[in-house]
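Here the structure comes first, spelled out in structure tokens, and everything after it is commentary.
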């Protein structure tokens, strides 16, 4: 009973197949209040499918998703965004033709409900102040008026996380945030993620980078072929034979 | 005389521009053409006429026209576009909106007949003139011009400055991304249809008040020209729709001034072809598809 009250997200028996190919096979897991949960697994293990189902982009075939005590299994993605589930993408998805500041403003939660509020300058300033503070935290404030499409890769990655946080989510999914980054950028990103952690109740990170996972994650879940094969503290899980085999058994991550 | 004609052309052009704004807004968010739009414009004159016949004053009639046509816009969005959102559904959406337009014409003719119906306002609003710098102008035309420009300025500010505008631009760039930013894309589409339809109907109201009658056949002629204007200005660009509208209005007025009134429509279409040959994306357009942008 204690566990139930602690979990912010509870996924129960989630399955999803595409044209007969099983992508998720009865996955159950919980995200506990206050933790950074790492989700690992070789390519094709179903990690991204899992996130896509939980964030409403795919409908699950079976299973339930419970978020903050509420059944969200069949809600569309924009509604989940409003309820407090935010995510970033492996391939960066920013509004490239809008400015850096506008990208954050569009995602700002209070904004969504009140179409004309920003006409009133006094109210607008509080939105803008919040957004600017976020940009400041992500070292993007001096580029507030740049078009998002003009940002360098690392900056765009940071903006993507800032954008996700703008909606004041309680749960944040980061889908391979370090993809395409060098060691130093990855190091900086880990710092950014740790500071983001104070703004949300829990973070789920999908990542191949073992070092990063060891450093950041409180708990690891490892998936293979659509199933959960291990769960626990990072050092324990990474030492499990079936986890090592799952990783060595493939050519390694390349996406 | 020439200056007067040019002013008349600008007034006509501002009405074209009001209609074209609606085409271009909807095209911006959906990448699809709304062929019912011209008939919503046409109906604006009749909604005004009916309101006045029921005893409403002109300001009330204007309000009723904007609201009723805005709601009609929601219906057009639901019937003609809601189910045809995918990129492959261009033709289906075009056909279904075209069919809605035909239904609107047909029903209008059943109610008001195929002949133009007189719309006479009490007082001298439709005839009063004013002399400015030696030019005699019909006050109503200047008022129409001023109100049209004001409406378009407000629309521009809404799109550029407000959160609604940011959401419209977000959906215009990519509905998928907009959804993951927490934007209810369907709601934005509805808002765009409401605004576009209300603006078109107000243009229809202005035309009916100016000419003194409402007619069921203006939707086709004006609607088609407004489409051309959108292409001239650049698909999806509201500045382009304004400039294009004014250009075409003046061009037509000049055709009349030179005694070539019979050829005015020909000029419009030749002008469109010429502009598009030189600038295939129109004056302000870039011809970048949503996919490439995303």
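Protein chains in written order, with my numbering: chain A, 1 to 255; chain B, 1001 to 1294. A virtual CB, placed ideally from N, CA and C, is assigned to each residue, including glycine.
Is residue i buried or exposed, if buried means 16 or more other CB atoms sit within 10 Å of its CB?
| i | result |
| --- | --- |
| residue 35 (chain A) | buried |
| residue 245 (chain A) | exposed |
| residue 173 (chain A) | buried |
| residue 1157 (chain B) | exposed |
| residue 127 (chain A) | buried |
| residue 1012 (chain B) | buried |
| residue 120 (chain A) | Per-residue confidence for residue 120 (chain A) stands at a pLDDT of 49, beneath the threshold of 50, marking its modelled position as unreliable; the derived number appears in the next sentence. Residue 120 (chain A) is exposed by the Cβ-count criterion. |
| residue 1115 (chain B) | exposed |
| residue 1088 (chain B) | exposed |
| residue 1162 (chain B) | buried |
| residue 1110 (chain B) | exposed |
| residue 223 (chain A) | buried |
| residue 175 (chain A) | buried |
| residue 20 (chain A) | exposed |
| residue 1193 (chain B) | buried |
| residue 153 (chain A) | exposed |
| residue 1003 (chain B) | exposed |
| residue 1091 (chain B) | exposed |
| residue 108 (chain A) | buried |
| residue 1136 (chain B) | exposed |
| residue 1001 (chain B) | exposed |
| residue 113 (chain A) | Unreliable positioning characterises residue 113 (chain A) in this predicted model, as indicated by a pLDDT of 49, which lies under 50. A coordinate reading is not provided. |
| residue 1154 (chain B) | exposed |
| residue 1280 (chain B) | exposed |
| residue 1168 (chain B) | buried |
| residue 1077 (chain B) | buried |
Checking contacts by CB at 8 Å: is residue i closer than that to chain A?
| i | result |
| --- | --- |
| residue 1170 (chain B) | yes |
| residue 1173 (chain B) | yes |
If you measure from the beta carbon of residue i to each beta carbon in chain B, is any gap under 8 Å?
| i | result |
| --- | --- |
| residue 199 (chain A) | no |
| residue 170 (chain A) | no |
| residue 112 (chain A) | Note that residue 112 (chain A) has pLDDT 46, beneath the 50 cutoff, so the model's placement of it is unreliable and the number below is only indicative. So, interface residue. |
| residue 93 (chain A) | yes |
| residue 214 (chain A) | no |
Following the continuous alpha helix (DSSP H) through residue i, name the residue where it begins and the one where it ends.
| i | result |
| --- | --- |
| residue 1157 (chain B) | 1139 to 1161 |
| residue 1129 (chain B) | No alpha helix (DSSP H) holds residue 1129 (chain B); the beta strand (DSSP E) holding it covers 1129 to 1132. |
| residue 1265 (chain B) | 1264 to 1278 |
| residue 140 (chain A) | First-last for residue 140 (chain A): undefined, no H or E at that position. |
| residue 1120 (chain B) | Careful: residue 1120 (chain B) lies outside any alpha helix (DSSP H) and carries neither H nor E. |
| residue 1022 (chain B) | 1002 to 1030 |
| residue 199 (chain A) | First-last for residue 199 (chain A): undefined, no H or E at that position. |
| residue 1228 (chain B) | 1218 to 1233 |
| residue 1255 (chain B) | 1238 to 1257 |
| residue 216 (chain A) | 210 to 216 |
Residue i touches chain B at which residues, Cβ-Cβ below 9 Å?
| i | result |
| --- | --- |
| residue 102 (chain A) | 1166, 1169 and 1170 |
| residue 106 (chain A) | 1163, 1166, 1167, 1169, 1170, 1178, 1181, 1182 and 1183 |
Give the residues of chain B in contact with residue i, contact being defined as C-beta atoms less than 8 Å apart.
| i | result |
| --- | --- |
| residue 77 (chain A) | 1179 and 1180 |
Just the chain B side, please: which residues come within less than 7 Å of residue i by C-beta, in chain order?
| i | result |
| --- | --- |
| residue 167 (chain A) | 1182 |
| residue 82 (chain A) | 1182 |
What residue does the beta strand (DSSP E) around residue i start on, and which one ends it?
| i | result |
| --- | --- |
| residue 229 (chain A) | 227 to 232 |
| residue 16 (chain A) | 7 to 18 |
| residue 40 (chain A) | 36 to 40 |
| residue 27 (chain A) | 21 to 32 |
| residue 219 (chain A) | 219 to 224 |
| residue 204 (chain A) | 202 to 206 |
* **Unbroken stretches of the alpha helix (DSSP H), 4 residues or longer, contained in the region 1043 to 1114 of chain B** => Qualifying alpha helix (DSSP H) stretches, in chain order: 1058 to 1076 and 1090 to 1112.
* Unbroken alpha helix (DSSP H) runs of length 4 or more, entirely within the region 45 to 121 of chain A: which are they? -> Counting whole runs of 4 or more residues, the region 45 to 121 of chain A contains the alpha helix (DSSP H) stretches 47 to 54, 77 to 83, 100 to 107 and 109 to 113.
* Continuous alpha helix (DSSP H) assignments of at least 4 residues falling wholly in the region 145 to 194 of chain A -> Runs of the alpha helix (DSSP H) lying entirely within the region 145 to 194 of chain A, each at least 4 residues long, are 153 to 166 in chain order.
* Entirely within the region 1168 to 1212 of chain B and at least 4 residues each: give me those alpha helix (DSSP H) ranges in chain order. => Taking only runs of at least 4 residues, the alpha helix (DSSP H) segments lying wholly in the region 1168 to 1212 of chain B are 1175 to 1180 and 1185 to 1211.
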